[in-house]
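Working notes, structure below.
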Amino acid sequence: MTDTRLPVRVVVVDDQELVRISFEMLLAAQPDIEVVGSADDGAAALTVLRSVAPDGAADCVLMDLRMPVLDGASAIRVLRADPELATTRVLVLTTFDDEELVLEALRAGADGYLLKDTSPQVLLEAVRAVAAGGSWLDPAVTGTVLAQLGQGGAQDSAATGAVTASGRDLGPAPADAAADTVAAAGTRALAEPLTLREEEVLALVCEGLSNTAVGERLHLAESTVKTHVRSLLGKTGCTNRVELIVHAYRHGMVAPAPDNALPH
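Mapping of the sequence shown onto full-length UniProt numbering: position 24 corresponds to residue 24, and the numbering continues sequentially without gaps.
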């Protein structure tokens with residue numbers, strides 16, 4: 001059967017030419033990914049994104065954080081404020097010493113972050129997950145990010161690097177079992193208690209699953225999942241999915257994945 005799905009349209013943004021070209025080559029070699037543009041700073045990225053929009057908006061931007069002219073976090077804020085670009089998914093690239101910038105990027109509206117020294121396989125997996133509406137939090141720096149956000153119920157576990165919300169398949173555990181962990185956290189850090197269904201949805205969102213994937217797992221329409229996600233954002237005071245995931249781990253509303261659940 002012929003695959004009629006449209007390719008994932010990606011814009012690569014990095015001020016280091018060798019890094020940028022390497023990412024472009026890796027992505028362009030995939031049959032389901034199309035590199036539609038590139039830029040060497042945040043301002044140029046916004047120009048590229050607007051230029052490709054008439055032919056079909058980019059699905060995902062692979063965005064560096066440390067760049068001249070306009071850094072990644074600032075570019076994300078401009079992007080989120082632009083009605084034509086606001087829904088574009090953003091996966092930021094970082095290094096181990098970028099925790100403050102990662103926090104700034106997440107608050108600006110990034111959909112995930114990834115270390116630059118990750119494997120090609122993980123990079124491709126992350127791009128596809130974020131483009132599909134999921135989230136990706138690299139477990140190698142998630143613990144540090146959570147620690148900087150403040151004290152939380154999951155902080156000690158997160159510091160081991162075991163926390164992941166990377167969109168990976170963490171195994172066949174049923175949604176209701178994952179929801180039990182959410183319920184065990186009680187109602188702290190909530191404007192009002194979550195419903196059982198909201199607990200189930202939160203547990204799967206924290207695995208990085210998109211609305212479509214959550215719906216398939218729980219046998220719900222995507223529109224119903226969107227309604228639950230909006231309710232979760234309202235009850236937690238979060239503004240986007242990544243902030244919701246970080247909030248959930250910070251307050252012990254979900255349990256970190258065990259080391260042996262992560263693929264090697």
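The C-beta atom is built at its ideal place from N, Cα and C for all residues, glycine as well. It should be emphasised that the depicted structure is a prediction, and the values quoted were computed from it without experimental measurement.
| query | result |
| --- | --- |
| Just how far apart, CA to CA, sit A58 and L49? | 7 Å |
| For T212, which of helix, strand or coil comes out of DSSP? | helix |
| State the Cα-Cα distance for the pair L137 and P193, rounded to the nearest angstrom. | 26 Å |
| Roughly how many angstroms separate the alpha carbons of A11 and H247, rounded to a whole number? | Sequence inspection shows Val at residue 11; the Ala mentioned does not correspond to that position. Spanning the two alpha carbons is a distance of roughly 29 Å. |
| What span of residues does the alpha helix (DSSP H) with T224 cover, start to end? | 222-236 |
| Let's test the definition: count the other Cβ atoms within 10 Å of the Cβ of I21 and tell me whether it reaches 16, buried, or not, exposed. | exposed |
| In chain order, which beta strand (DSSP E) runs of at least 3 residues are fully inside the stretch 30-92? | 33-39, 60-64 |
| Would you mind sorting P139 into buried or exposed? The rule is 16 or more other CB atoms within 10 Å of its CB. | buried |
| Would the stretch 55-71 and the stretch 83-91 be scored as touching if the rule is three or more Cβ pairs under 8 Å? | yes |
| On the DSSP bridge list, what partners appear for T94? | L115 |
| Give me whichever residues DSSP pairs with R9 in a beta bridge. | E34 |
| Throw me the rounded Cβ distance for the V8 and S135 pair, which I believe falls under 8 Å. | No, V8 and S135 are not in contact; Cβ-Cβ is about 16 Å, not under 8 Å. |
| Which residues in the same chain as T224 place their Cβ atom closer than 8 Å to its Cβ, once the five residues preceding and following it in sequence are excluded? | G215 |
| Do you know whose CA, among H219, L220, C206, lies nearest M253's CA? | C206 |
| Assuming V127 is part of the alpha helix (DSSP H), what are its boundary residues? | 120-131 |
| Would you kindly work out how many angstroms separate the C-alpha atoms of G208 and A129, rounded to a whole number? | 8 Å |
| Quick one: is G42 buried, meaning 16 or more other Cβ sit within 10 Å of its Cβ, or exposed? | buried |
| Quick one: Cα of V122 to Cα of L114, how far? | 9 Å |
| Please determine, among P54, E34, F23, D15, the residue with the shortest C-alpha to C-alpha distance to A45. | D15 |
| Would you list the residues sitting across from L137 in a DSSP beta bridge? | Y113 |
| Looking at the unbroken alpha helix (DSSP H) that takes in L204, where does it start and where does it end? | 196-205 |
| Taking Cβ to Cβ, would you say L79 is nearer than 8 Å to L85? | yes |
| Which one of G72, E222, R5 has the shortest CA to CA distance from P31? | R5 |
| May I ask you to report which of helix, strand or coil DSSP gives E192? | coil |
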